[in-house]
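J.: Chains A and B are the protein sequences, given in the same order. Counting from 564, one number per residue, gives the positions in the first sequence under this note's numbering. Counting from 43, one number per residue, gives the positions in the second sequence under this note's numbering.
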Amino acid sequence: MSVSAKTLDKNEYFYGHKACAGCGGSLAVRNALKVLGKNAVAVLPAGCMSAVGFNFPQLCFANNAIISTFAGTASMLTGIEAGFRRRGIKDFTAVGFAGDGGTADIGIQALSGAIDRNDNIIYICYDNEAYMNTGIQKSGLTPFGAKTTTTPAGQNIHGNIRPKKNMFEIVAAHDIPYAATATVGYMNDFLNKVEKASKIQGTKYIHVIAPCPTGWGIPVSDTIDAAREIVDCGLWYLAEYENHTFKINHDPKNFTSVEAYLRKQARFKHLTDEDIAVITDSRDKKWEFIRKNWN
Amino acid sequence: MIKPTLREQKIFPFADVPEHTSFEAGYLVSVNSGWRSIRPVVNTAACIGCMQCYLYCPDGVIAIQDGKAVIDYDFCKGCGICSKICKPSAIQMESER
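In structure tokens:
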């Protein structure tokens with residue numbers, strides 16, 4: 564059965580948190596927990612969602628939730644799953660919410676290990692494209708050209724000089740039972756991927772784009788618009804990996820303008836027309852590859 | 043309904059601070075309403091109860107009661123996502139002062 568706003572659990576499991584207004588990451592966590600229900604056990608490594616959810620003595624989670632080491636999201640999920648299994652508890656879901664840095668840089672080893680063991684866990688990466696919690700430093704998932712405090716934009720170097728790490732395909736290369744990409748802008752797609760993941764045995768990975776108004780330099784009310792536009796302009800894709808094959812969920816016939824998407828964000832304000840041509844070109848190459856090789 | 047709720051903050055001695063990573067779930071002691079400079083106001087006559095604001099609110103402060111959106115102003119941060127997402131334009135942002 565497909566999940567929608569009408570069928571979604573009315574309970575709120577992530578409420579009263581101290582995330583910035585318009586936070587995409589907290590929206591992803593809130594709605595994923597509504598799909599997984601009260602027996603979800605959430606693991607949050609160092610990052611925005613642990614910083615905003617656990618302000619002692621406040622605990623903004625209504626379900627079980629724990630902070631893990633930065634590198635150990637997936638290994639703690641493994642331990643929780645094994646512990647519950649040992650105690651004979653069956654009705655639970657071990658779910659991790661790590662940011663892009665906690666997934667693609669610091670936590671990649673533990674994640675790779677968990678996929679290798681095929682532990683029965685769900686790993687959700689909310690990707691806001693930099694280490695936002697500590698003040699916007701570049702991560703492995705920061706896109707080309709983005710200005711962060713560690714990749715400043717000057718006359719010679721225009722922000723980040725490296726492209727975004729291809730985390731979805733890195734995870735899929737482990738031959739994981741289920742991996743998917745999503746965005747908080749197309750919420751029903753994301754909810755249904757979480758629901759599908761919860762029914763699959765083995766390790767599941769969902770990579771969800773979650774715009775950060777503070778780090779991206781957009782108005783707080785534009786989070787959802789940015790999360791939609793990144794898909795519409797082709798810089799992000801909605802895809803799944805299952806049964807050893809890639810599947811593209813949404814293949815836009817005409818892309819919207821990459822330049823229009825970039826120019827709305829302060830982190831890309833310095834880009835020249837040549838930089839934007841590089842980004843557009845890499846988008847076209849990526850989609851050529853996707854259309855040729857994925858179903 | 044399960045939901046973290048606002049409670050009176052207990053004053054406890056250092057010895058009562060939990061030793062482990064656990065504390066009572068859903069325990070809130072402060073509101074977020076002071077963050078807000080603008081507030082969403084629902085025009086109930088125009089609201090069609092489509093639930094999009096409820097679905098996209100990062101703070102989960104909008105509930106649909108009797109087919110209309112109702113906002114919990116204690117925890118609304120005034121981001122304005124609900125107002126933008128609302129197709130019938132039933133939510134307007136108004137200045138706090």
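All C-beta atoms in this analysis are idealised placements derived from N, C-alpha and C, irrespective of residue type, glycine included. Note that the structure is a prediction, hence the values are computed from the model and not measured.
Does any residue of chain B have a CB that is nearer than 8 Å to the CB of residue 792 of chain A?
T.: no
J.: So for residue 805 of chain A, helix, strand or coil by DSSP?
T.: strand
J.: Interface residues of chain A around residue 117 of chain B at Cβ under 8 Å?
T.: 578, 579
J.: As an exercise, report each continuous alpha helix (DSSP H) stretch of at least 4 residues that is fully enclosed by the segment 668-735 of chain A, in chain order.
T.: 671-680, 730-735
J.: What span of residues does the beta strand (DSSP E) with residue 603 of chain A cover, start to end?
T.: 603-607
J.: Show which residues of chain B have a CB atom less than 8 Å away from the CB atom of residue 589 of chain A.
T.: 100, 101
J.: Residue 623 of chain A versus chain B: which residues are under 8 Å apart at the beta carbon?
T.: Simply 46, 68, 70.
J.: What number of angstroms, rounded off, separates the C-alpha of residue 856 of chain A from the C-alpha of residue 696 of chain A?
T.: C-alpha separation (whole angstroms): 37 Å.
J.: Determine whether the Cβ of residue 131 of chain B lies closer than 8 Å to any Cβ atom of chain A.
T.: no
J.: What are the complete alpha helix (DSSP H) segments, minimum 4 residues, inside the segment 65-133 of chain B?
T.: 94-98, 123-127
J.: Between the Cα of residue 828 of chain A and those of A/665, A/650, A/692, A/679, spot the shortest distance and give me the residue it belongs to.
T.: A/692
J.: Tell me whether residue 766 of chain A is buried or exposed, calling it buried when 16 or more other Cβ atoms sit within 10 Å of its Cβ.
T.: buried
J.: At least one CB of chain A closer than 8 Å to the CB of residue 123 of chain B: is that the case?
T.: For residue 123 of chain B, the answer is yes, since a Cβ of chain A falls inside 8 Å of its Cβ.
J.: When the Cβ atoms of the segment 777-789 of chain A are set against those of the segment 755-764 of chain A, are three or more pairs found closer than 8 Å?
T.: With the cut-off at 8 Å, the segment 777-789 of chain A and the segment 755-764 of chain A do not touch.
J.: Roughly how many angstroms lie between the CA atoms of residue 646 of chain A and residue 745 of chain A, to the nearest whole one?
T.: 30 Å
J.: Ordered along the chain, which non-local residues of its own chain (more than five positions away) have a Cβ less than 6 Å from that of residue 703 of chain A?
T.: 667, 668, 728
J.: Just curious, the beta strand (DSSP E) that residue 783 of chain A is in, first and last residue?
T.: Residue 783 of chain A -> no beta strand (DSSP E), and no H or E assigned at all.
J.: Opposite residue 660 of chain A in the DSSP bridges: which residues?
T.: A/687
J.: Taking C-beta pairs closer than 7 Å, name the residues in chain B that residue 601 of chain A reaches, listed in chain order.
T.: Chain B residues near residue 601 of chain A: 44.
J.: Going by DSSP, what residues sit across from residue 762 of chain A in a beta bridge?
T.: Residue 762 of chain A pairs with nothing; no bridge assigned.
J.: Kindly indicate if chain B contains any beta-carbon less than 8 Å away from that of residue 582 of chain A.
T.: yes
J.: What first and last residue would you give for the beta strand (DSSP E) that runs through residue 629 of chain A?
T.: 627-630
J.: Using DSSP bridges, identify the partner residues of residue 770 of chain A.
T.: Looking at the DSSP assignment, residue 770 of chain A forms a beta bridge with A/688, A/744.
J.: Hey, does residue 110 of chain B have any beta-carbon neighbour from chain A nearer than 8 Å?
T.: no
J.: Would residue 127 of chain B count as contacting chain A if we go by Cβ distances under 8 Å?
T.: Contacts with chain A at 8 Å (Cβ-Cβ) include residue 127 of chain B.
J.: Got a sec: is the Cβ-Cβ distance from residue 573 of chain A to anything in chain B below 8 Å?
T.: yes
J.: Which residues bound the alpha helix (DSSP H) around residue 43 of chain B?
T.: Premise fails: residue 43 of chain B is in no alpha helix (DSSP H) and is neither H nor E.
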